[in-house]
Amino acid sequence: MSDIIQLLPDHVANQIAAGEVVQRPASVVKELLENAIDAKSSQIKLIIKEAGKTLIQVIDNGLGMSETDARLSFERHATSKIKNADDLFQLNTKGFRGEALASIAAIAHVELKTKQEPAEVGTTIVIEGSEVKSQDVVVAPKGTSIAVKNLFFNIPARRNFLKSNAVELRHIIDEFYRVALAHPNLGFVLFHNGSELYNLPQSNYRQRIVNLLGTKTNEKLVPVDETTEVVTISGFVGKPEYAKKTRGEQYFFVNDRFIKSAYLNHAIASAFQGLLKEGHHASYFLYLQVNPQSIDINIHPTKTEIKFDDEQTLYAILRSAVKHSLGQFNIAPILDFERDANLDTPYLQKNTGKMPQVEVDRSFNPFTSDSPKTTLSNTNSSSSNSSYTKTPSANWESLYVGLESKGTKEVVDFSQVEFESAPETTTIYNDVVKDEKQYSTYQLKNKYIISTIKSGMLLIDQHRAHQRILYEDFLKHITVKEAVSQQLLFPLELHFSVQDIEIIKQLQQDLEYTGFIFQDIKKETIEITGVPVSVPESEVSILLEQLISDVENEVPDSNFSVTDLIAKSLAKSLAIKNGKKLNPAEQEHLVNSLFACKAPSVSPTNKATFTTMSVDELDKKFM
Ligand code: ADP
Ligand code: MG
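Residue numbers (this note's numbering): -14 to 608.
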């Protein structure tokens, strides 16, 4: 029998390890930035080309490496940061595995230049796929520069798997944010394809947030400060009124390291309970300092999850610290957060006087099965509607809502009529209100449009139907590239973060085909002079925010299309909402427009826009 086990050659082992450490260009960015910070740099420059696919370079002014260290840094498990297992529990550095450089060098072309302070000259090493190509003496400033080119050059499957430049750049910027927010005392510069995206001077936490997310952010921040034996918390939460529908601006840092924690996130969400609109998320930038011995970061190679010794206590402290801040800065009542504001209003008494009236049902007749039902409950109305398809909407409405005064008489009459045989009732009724009868639609609960069709009844979801109509409309404009704009009287100036502006720039062309006219796009502001005809000026800002958030949340696959995304997003934002009352003309217009669509039966997100009920089905219900 022969032995079959053998040790993997280093370069193979490295390539396998690289799969763990380096998932995409952003992973390289993270590792290189962290190394620069560990080297005690004060200025760090990140240079990216083509979203990191051709170049990722980090230049720092830190400690640099000796000639021997420079060579050793590419060996696996070579690190200057820990010496034994005990050190793992007193980590003051980002790195400690000694894996990153070895992994990166296994799957890219790497060029290192480094020099320590007292030395006259530095060292340069070129290494490709774990193979050292050259090592030389070089004249260089103090610090280290590592350039990573042609990432995944020897793993085509990985390279092909990379997403579009927009998506990869987004991941890079995310990493950049995390590192830059954790270290406001260091200066950072980010270049992409030769243009400077960020130039962040050394500053404090508040300024760093503002420099990254835009000047407007300043007024949104509420400071949080709490010192306990277990943890010191500092940082900011966003005022509730600025909460967004995206989870984008949520940052926890533990001992200067960005972490993700659903559990702690829940603590913040619960502190904000009752203060946010449905579907909105609070933003936060919270810095926790804990004893390094009370955490274990050795869980995941990319190190965004950590384990706390006493998570529950942390949860409670965090929640109350945030609540306290919101209270202190008059954002929420301090004493009782759960209090219902309505209880304080003086209207309560007046209302109680009226209540009995509403509950009285004068047309109630215990010997008939149908009439009490219709007056008392709205939920059953869809099935009852059907027997009155010919009634004009105004009267139907009064029937179901139980409107008082002039409607009452008709309601009573009508409920009596109802028990007679069908053909006569309809004729009688038609005569009464002949001239009003122009439209054959009825709006139910300000949500559904009911109409008749040959086979029976049609029930349309107004919000979804309108989405479909707008969606096809926008798609058409974008694809035929002809915009219908309305010129604004005064240009609209909107503020966004640098990151959001980047997204708008990418969408600019397509947005212009829908009718937007961008006069100027600056670093943090855009100036709009025209908008699509269907877009009210007051909605533009919300609309673009929603669009940006949709782009951010999209997980693009091969059939990802920006055009489609824009059309969907705009349609979603602009579509009439459920709860909006439509007059009969609007109802009919909606129905007609829906059936003029190419795919009327589904919303842009593939949900049913309408349902039908045939007379047969209805008949069965009455058997
Ligand atoms: P780790 O950071 O886990 O120690 P790395 O593979 O990232 O492992 O780096 C290996 C070693 O190379 C580090 O421990 C450090 O000594 C050295 N090194 C890496 N980058 C720099 C840098 N920018 N400046 C100085 N030394 C560096
Ligand atoms: Mg490292």
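Even glycine gets a Cβ: it sits at the ideal position worked out from N, Cα and C.
Since we're looking at a predicted model, the values are computed, not measured.
Residue nearest to residue i in terms of C-alpha spacing, selected from the options
i: H265; options: Q274, A11, A254; result: A254
i: K557; options: N170, L261, L532; result: L532
i: Q8; options: H156, I561, P585; result: H156
i: F138; options: T39, I561, Q28; result: T39
i: S66; options: E60, L76, L57; result: It should be pointed out that residue 66 corresponds to Lys in this sequence rather than to Ser. Minimum Cα distance to K66 is reached at L76.
i: S534; options: K68, K566, D485, L579; result: D485
i: L492; options: I551, L136, I435; result: I551
i: E537; options: F580, I489, E571, A584; result: I489
Enclosing alpha helix (DSSP H) for residue i [first to last residue]
i: R9; result: Run containing R9: none; DSSP gives neither H nor E here.
i: V600; result: 600 to 606
i: R242; result: Note, R242: premise wrong, no alpha helix (DSSP H); beta strand (DSSP E) at 242 to 244.
i: P225; result: Note, P225: premise wrong, no alpha helix (DSSP H); not H, not E.
i: P569; result: 569 to 580
i: T53; result: 52 to 57
i: F146; result: 141 to 146
i: S310; result: 296 to 313
Closer than 7 Å: residue i CB and nearest the ligand MG heavy atom
i: N20; result: yes
i: A91; result: no
i: G4; result: no
i: A11; result: no
i: G80; result: yes
i: A85; result: yes
Start-to-end residues for the beta strand (DSSP E) that takes in residue i
i: G515; result: 510 to 517
i: A167; result: Unbroken run through A167 is the alpha helix (DSSP H), 150 to 167; no beta strand (DSSP E).
i: K118; result: 116 to 123
Sequence-distant residues of the same chain with beta carbon closer than 7 Å to residue i, five excluded per side
i: P476; result: Q504, E512, I513, T514
i: P186; result: G172
i: F501; result: I513, G515, V516, P517
i: V117; result: I110
i: P408; result: Note on P408: pLDDT 37, under 50, position unreliable in the model; the coordinate value appears next. Nothing meets the Cβ criterion.
Straight-line Cα distance separating residue j from residue i
i: E573; j: T426; result: 6 Å
i: V587; j: E5; result: 42 Å
i: F237; j: F270; result: 6 Å
i: A63; j: S88; result: 12 Å
i: E102; j: N46; result: 10 Å
i: R82; j: T129; result: 19 Å
i: D355; j: I454; result: Confidence is the limiting factor: at D355 the pLDDT is only 44, short of 50, which leaves the residue's position unreliable, though a coordinate-based value still follows. Computed Cα separation, rounded: 38 Å.
i: E296; j: N240; result: 15 Å
i: T437; j: L443; result: 6 Å
i: A228; j: E522; result: 21 Å
i: I244; j: Y272; result: 10 Å
i: F322; j: G259; result: Since pLDDT at F322 reaches only 40, below the 50 mark, its modelled position is unreliable, and the value read off the structure follows with that caveat. The alpha-carbon atoms of F322 and G259 are separated by roughly 8 Å.
i: N91; j: K30; result: The question names Asn, but residue 91 is Ala in the sequence shown. Going by the C-alpha atoms only, they are around 24 Å apart.
i: Q(-9); j: S27; result: 45 Å
i: L48; j: D23; result: 9 Å
i: R193; j: S149; result: 29 Å
i: H292; j: A267; result: The sequence shown places Lys at residue 292, not His. Using only the alpha carbons, I get a separation of about 24 Å.
i: K79; j: E19; result: 6 Å
i: L473; j: L479; result: 14 Å
i: F595; j: Q428; result: 13 Å
i: A593; j: A560; result: 15 Å
Near the ligand FMN: residue i beta-carbon under 7 Å from a heavy atom
i: D72; result: With respect to small molecules bound, the structure shown includes the ligand ADP and the ligand MG and not the ligand FMN.
Contact test: residue i Cβ vs the ligand ADP heavy atom, cutoff 7 Å
i: K15; result: no
i: K66; result: yes
i: D241; result: no
i: D(-5); result: no
i: S470; result: no
i: T129; result: yes
i: L48; result: yes
i: A24; result: yes
i: S51; result: no
i: S58; result: yes
i: D446; result: no
i: D495; result: no
i: A132; result: no
i: A63; result: yes
i: D535; result: no
8 Å CB neighbourhood of residue i in its chain, flanking five on each side removed
i: S482; result: L197, L198, G199, T202, E509
i: A125; result: K98, T99, K100, V106, G107, T109
Sequence-distant residues of the same chain with beta carbon closer than 6 Å to residue i, five excluded per side
i: Q278; result: F74
i: L528; result: S558
i: N563; result: K432, H448
i: V215; result: T298
i: S310; result: V207, V209
i: V174; result: K30, N184
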